[in-house]
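Chemist: The structure that follows is given in the form of structure tokens.
Chains as they are written, first to last, in the working numbering: chain Z, 1 to 179; chain L, 180 to 829.
What follows is the structure, encoded as structure tokens:
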């Protein structure tokens with residue numbers, strides 16, 4: 001199947017404006033959603049349904065930054081990165097400290113502290129997203145030397161692992177705040 | 180008052196139906212405004228209650244309600260709670276007057292059956308009776324009732340949606356679309372006030388609670404997130420009150436009370452709830468266990484304390500929905516109230532505090548859903564206006580993996596329709612079968628989720644563990660109904676299995692019920708089959724003619740001959756008469772099928788054109804590599820436009 005950027009008629013990029021993505025999804029659904037083809041023949045309804053299904057999956061994939069990064073890796077012909085872990089020792093240490101702080105705040109029921117950690121994580125997420133956009137830009141721009149490409153891919157993979165970690169962390173805080 | 184003048188050639192009127200837990204409403208659009216049909220009870224609300232008399236008579240609505248106290252075991256209320264449920268579902272253990280038939284096999288356990296003594300009914304059949312009653316009332320006022328949009332709680336899972344669609348089929352209705360109740364409500368508000376923005380729809384009905392966050396932009400209503408509880412509603416307020424009353428009557432354990440007493444107390448509780456909307460106290464006299472009377476007085480404060488835990492559950496779901504949509508309560512432009520239970524003053528106060536603003540309730544909260552459904556039915560069948568409704572998957576869909584965990588294939592709140600694929604592999608050497616268990620829900624373990632289907636893919640060639648590759652694809656259509664296909668990829672041998680849901684009814688069962696329901700069985704059924712085949716064939720021919728007029732240039736050489744030929748054959752068969760009814764219906768179906776197959780690939784090319792047209796005229800820089808191609812299509816389109824203009828001139 002075509003890659004999600006092609007399905008939505010968008011140029012591949014990590015720094016995708018969410019409002020552009022949403023607008024595109026709306027326009028394509030307006031043309032291809034089954035409700036728009038209710039009076040047509042079954043063949044047309046089937047075809048419209050099948051395309052609308054692809055469009056909405058592509059939208060779902062590109063809306064989430066982690067799966068958008070995966071889609072870009074696939075497009076670049078680089079292997080899937082689902083298993084990759086953080087290898088930077090300084091980052092690992094920092095994450096462990098944050099986790100301990102979270103556990104402590106949770107035990108104490110300290111909502112102010114939890115919110116502060118949440119805000120720090122949100123800030124961190126924004127930072128990582130910016131770095132990922134910068135890491136993907138040269139990879140998508142043109143064919144660099146094989147060594148440069150490998151280094152850029154490795155750095156993008158590290159950033160994706162970090163993004164996943166930060167988001168899981170933020171979700172845990174939010175889930176705790178809900179109860 | 181305006182009267183609709185009867186026009187025998189008028190097309191059937193599209194309708195919207197709110198099939199509710201406590202009551203149901205049918206509405207249609209007249210002069211661009213939704214109107215609710217007066218039901219057999221004289222008002223727009225038809226109580227969703229069906230009474231099965233001992234002599235076979237079926238009574239629906241308020242007259243059925245009056246039987247609830249005298250013959251509770253033959254009178255079924257709130258059956259919506261049991262739609263899509265099987266034997267052993269926790270819903271069956273709730274306080275109520277139902278008697279269930281104990282299943283004799285796993286097959287029978289898939290669908291709940293209500294015990295009516297010598298016979299039994301499924302929730303689908305009971306719902307079909309309610310739909311039939313509504314349609315009868317509508318036919319008297321509209322003559323020809325057309326296809327329907329039917330609403331379901333946003334939180335309904337696949338089984339519950341399938342059951343709703345089966346009920347409509349059984350009632351002889353063509354279903355245009357199932358839409359979510361809160362979305363319908365927003366549609367009613369949005370279309371009439373033309374407002375744009377982000378809204379929360381807080382829907383506390385008789386038996387279900389839904390919270391939906393919705394964005395209106397450029398004429399597209401898009402659900403941002405949805406959540407709720409398909410087993411929480413105004414009935415629970417009645418139950419909480421009833422339990423309090425039963426305790427005062429001497430039934431410490433409410434379940435010890437006889438069924439007629441429970442029915443009486445539930446009705447008294449409903450009454451007390453309504454009275455507490457306007458006054459601070461409700462006093463009532465109830466029979467004491469073992470004789471005598473007891474006077475029970477309930478203050479509004481006491482009532483509010485009783486229902487506070489129920490409202491807390493709604494608050495929790497609302498906070499989660501906000502988080503899923505990545506929204507703060509302060510970013511909302513309005514909160515819409517839906518459902519009769521939102522008339523309770525405490526509910527309004529609670530919602531106001533929850534979202535930090537007073538909620539909107541301009542449209543009758545009991546009718547707003549049916550109004551929205553009617554507007555949507557009108558839109559879809561006339562392809563009118565520019566409004567589109569994009570719904571989301573209410574609950575995640577996944578597959579059980581080794582160890583009982585769930586691998587989520589499609590997470591909740593994904594825009595539908597949507598399709599996704601996942602690949603699995605074998606875990607043992609020479610494994611030739613693969614068992615798939617499809618579940619729906621948010622829990623980590625498969626056993627805590629709703630089981631939708633189980634099947635085994637057989638005939639996989641013996642291979643070392645991990646070598647076979649099983650591709651499972653999920654297709655969720657615009658009604659949120661699921662189909663699953665599986666095939667084995669490694670050897671190039673394709674096997675495709677369509678999953679039949681492990682609950683609900685098969686097509687054959689629906690057909691059987693249909694035959695039973697019609698007075699003269701088989702004959703009527705064949706007549707109806709022919710009538711449907713005729714309508715379907717005529718519709719197909721019309722669509723094909725339109726497509727030929729618009730996109731004949733997209734036909735390839737063989738199609739240019741085959742498509743008109745197939746169309747002509749069908750047209751001739753449609754004009755012929757006299758053959759045996761069943762044979763004629765089958766012939767029309769076969770020829771329609773042939774025309775459909777002949778146009779399949781061409782329809783795909785037409786959709787490609789629609790896709791390109793949607794991209795064309797957009798900001799060119801975003802279209803990147805497609806620009807050239809898109810321009811080509813624009814040229815096509817302008818040529819086509821010229822051709823159309825010329826046609827118009829002659």
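Ideal Cβ positions, reconstructed from N, Cα and C, are used throughout, including at glycine.
Closest Cβ-Cβ distance between residue 597 (chain L) and chain Z: below 8 Å?
Modeler: At least one chain Z Cβ lies under 8 Å of residue 597 (chain L).
Chemist: Please list, in chain order, the residues of the segment 103–117 of chain Z that have any C-beta partner in chain L closer than 8 Å.
Modeler: Result list empty, no residue passes.
Chemist: Quick check on DSSP: helix, strand or coil for residue 223 (chain L)?
Modeler: DSSP places residue 223 (chain L) in coil when its eight states are reduced to three.
Chemist: For residue 21 (chain Z) and residue 708 (chain L), I'd like the C-alpha separation in whole angstroms.
Modeler: Cα to Cα, the separation comes out at about 45 Å.
Chemist: Excluding five sequence neighbours on each side, which residues of the same chain lie with their C-beta closer than 6 Å to the C-beta of residue 644 (chain L)?
Modeler: Closer than 6 Å at the Cβ level, and outside the excluded window around residue 644 (chain L), lie 605, 606, 607, 608.
Chemist: Since residue 614 (chain L) sits in a beta bridge, which residues does DSSP pair it with?
Modeler: For residue 614 (chain L), which the question treats as bridged, DSSP gives the partners L:635.
Chemist: Determine the closest residue to residue 195 (chain L) out of L:552, L:706, L:538, with distance taken between C-alpha atoms.
Modeler: Among L:552, L:706, L:538, the Cα nearest to that of residue 195 (chain L) belongs to L:552.
Chemist: Leaving out the 5 sequence neighbours to the left and right, which residues in its chain are closer than 6 Å to residue 252 (chain L) when beta-carbon positions are compared?
Modeler: Correct list, in chain order: 278.
Chemist: Tell me whether residue 517 (chain L) sits in a helix, a strand or coil according to DSSP, three-state version.
Modeler: Here residue 517 (chain L) sits in strand by DSSP.
Chemist: Got a sec? Which residues, its chain only, sit under 7 Å from residue 706 (chain L) by beta carbon, not counting five neighbours each side?
Modeler: Cβ neighbours of residue 706 (chain L) beyond the five flanking positions: 760.
Chemist: Quick check: residue 71 (chain Z) and residue 62 (chain Z), are their CB atoms within less than 8 Å of each other?
Modeler: Contact: yes.
Chemist: How many whole angstroms separate the CB atoms of residue 198 (chain L) and residue 310 (chain L), which I take to be in contact at a CB cut-off of 8 Å?
Modeler: So it is a contact: roughly 7 Å between Cβ atoms.
Chemist: Does the Cβ of residue 115 (chain Z) have 16 or more other Cβ atoms within 10 Å, making it buried, or fewer, making it exposed?
Modeler: Burial call: exposed.
Chemist: Rounded to a whole number of angstroms, what is the C-alpha to C-alpha distance between residue 164 (chain Z) and residue 57 (chain Z)?
Modeler: About 20 Å.
Chemist: Between the segment 27–50 of chain Z and chain L, which residues of the former have CB atoms less than 9 Å from a CB of the latter, in chain order?
Modeler: Result list: 27, 28, 29, 30, 31, 32, 33, 34, 35, 36, 37, 38, 39, 40, 41, 42, 43, 44, 45, 46, 47, 48, 49, 50.
Chemist: Taking 8 Å as the CB-CB limit, is residue 57 (chain Z) close to chain L?
Modeler: It does; some Cβ of chain L falls within 8 Å.
Chemist: Which stretch, first to last residue, makes up the beta strand (DSSP E) that contains residue 586 (chain L)?
Modeler: Unbroken beta strand (DSSP E) run through residue 586 (chain L): 585–589.
Chemist: If the cut is a Cβ gap below 8 Å, which residues of chain Z does residue 778 (chain L) touch?
Modeler: In chain order: 41, 43, 44.
Chemist: Write down every uninterrupted run of the alpha helix (DSSP H) in the segment 416–493 of chain L whose length is 4 residues or greater and which is fully enclosed by it, in chain order.
Modeler: If we require 4 residues or more, the alpha helix (DSSP H) runs fully inside the segment 416–493 of chain L come out as 438–457.
Chemist: Enumerate, from N- to C-terminal direction, the unbroken alpha helix (DSSP H) stretches of 4 or more residues contained entirely within the segment 44–101 of chain Z.
Modeler: If we require 4 residues or more, the alpha helix (DSSP H) runs fully inside the segment 44–101 of chain Z come out as 65–75.
Chemist: From residue 585 (chain L) to residue 615 (chain L), what does the alpha carbon distance come to, in whole angstroms?
Modeler: If I take the Cα positions, the gap works out to 11 Å.
Chemist: Below 8 Å on the Cβ atoms is my contact criterion, and I expect residue 191 (chain L) with residue 355 (chain L) to pass it. Report the Cβ-Cβ distance as a whole number of Å.
Modeler: Not a contact, Cβ separation roughly 11 Å.
Chemist: Pull up the distance between the alpha-carbon of residue 769 (chain L) and that of residue 13 (chain Z), whole angstroms please.
Modeler: For residue 769 (chain L) and residue 13 (chain Z), the distance between alpha carbons rounds to 49 Å.
Chemist: Alpha carbon to alpha carbon, what distance is there between residue 654 (chain L) and residue 596 (chain L)?
Modeler: Residue 596 (chain L) and residue 654 (chain L): Cα-Cα distance of roughly 8 Å.
Chemist: If you measure from the beta carbon of residue 664 (chain L) to each beta carbon in chain Z, is any gap under 8 Å?
Modeler: No, residue 664 (chain L) lies away from the interface with chain Z (no Cβ there is under 8 Å from its Cβ).
Chemist: Is residue 52 (chain Z) close to chain L, meaning its C-beta is less than 8 Å from at least one C-beta of that chain?
Modeler: Answer yes: the Cβ-Cβ gap between residue 52 (chain Z) and chain L drops below 8 Å somewhere.
Chemist: Go ahead and label residue 404 (chain L) buried or exposed: buried means 16 or more other beta carbons lie within 10 angstroms of its beta carbon, across all protein chains shown.
Modeler: Under this definition residue 404 (chain L) is a buried residue.
Chemist: Measuring alpha carbon to alpha carbon, tell me which of L:240, L:297, L:361, L:407 ends up nearest residue 233 (chain L).
Modeler: Of the listed residues, the one whose Cα sits closest to residue 233 (chain L) is L:297.
Chemist: Please classify residue 721 (chain L): is it buried, with 16 or more other beta-carbons within 10 angstroms of its beta-carbon, or exposed?
Modeler: Under this definition residue 721 (chain L) is an exposed residue.
Chemist: For residue 592 (chain L), which three-state DSSP category applies?
Modeler: Coil.
Chemist: In terms of DSSP beta bridges, what is residue 619 (chain L) paired with?
Modeler: Looking at the DSSP assignment, residue 619 (chain L) forms a beta bridge with L:576, L:629.
Chemist: Mind checking which residues open and close the beta strand (DSSP E) that includes residue 662 (chain L)?
Modeler: Segment 661–667, the beta strand (DSSP E) holding residue 662 (chain L).
Chemist: What residues of chain L sit near residue 174 (chain Z), judged by a beta carbon separation below 8 Å?
Modeler: Those are 502, listed as they occur along chain L.
Chemist: Below 7 Å, is the gap between the Cβ of residue 332 (chain L) and the nearest heavy atom of the ligand SAH?
Modeler: The ligand SAH is absent from the structure shown, which contains no ligands of any kind.
Chemist: Output the boundary residues of the alpha helix (DSSP H) element that contains residue 29 (chain Z).
Modeler: Residues 18–32.
Chemist: Using a Cβ-Cβ cut-off of 6 Å (strictly less than) and excluding sequence neighbours within five positions of residue 11 (chain Z), which residues of its own chain qualify?
Modeler: So no residue of the chain qualifies.
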